[in-house]
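Undergrad: Quick note: the sequence shown uses my numbering, first residue 960, plus one each step. Yeah, the Cβ is synthetic: ideal placement off N, Cα and C, and Gly gets one too. Computed from a prediction, not measured in an experiment: that's the story for all the values here. Please find one structure pasted underneath; my questions will follow.
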Amino acid sequence: MIVTEDGKTFGTIGGGTLERALVNESLKALEEGNSRKVVFNLTKQEKEGMIDTGLIWGG
């Protein structure tokens, strides 16, 4: 998935909550001029260092 500085996207990771969170993180990285690795939490337990998605499925 590609996210441009103006928020346009090309491709998808499946849509929904996770994709919105990824777009938001991508826009932050572009604005700050930094690359980053983000890890999303797909469970209902809070986990340190992970971005909570509010999703409860774990794959």
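Which of the three DSSP states is assigned to residue 997 in this structure?
TA: coil
Undergrad: Within the same chain, show all residues whose beta-carbon is closer than 7 angstroms to that of residue 985, passing over the 5 residues directly before and after it, in chain order.
TA: 962
Undergrad: Please state whether DSSP places residue 976 in a helix, a strand or coil.
TA: helix
Undergrad: Roughly how many angstroms lie between the CA atoms of residue 1007 and residue 994, to the nearest whole one?
TA: Computed Cα separation, rounded: 20 angstroms.
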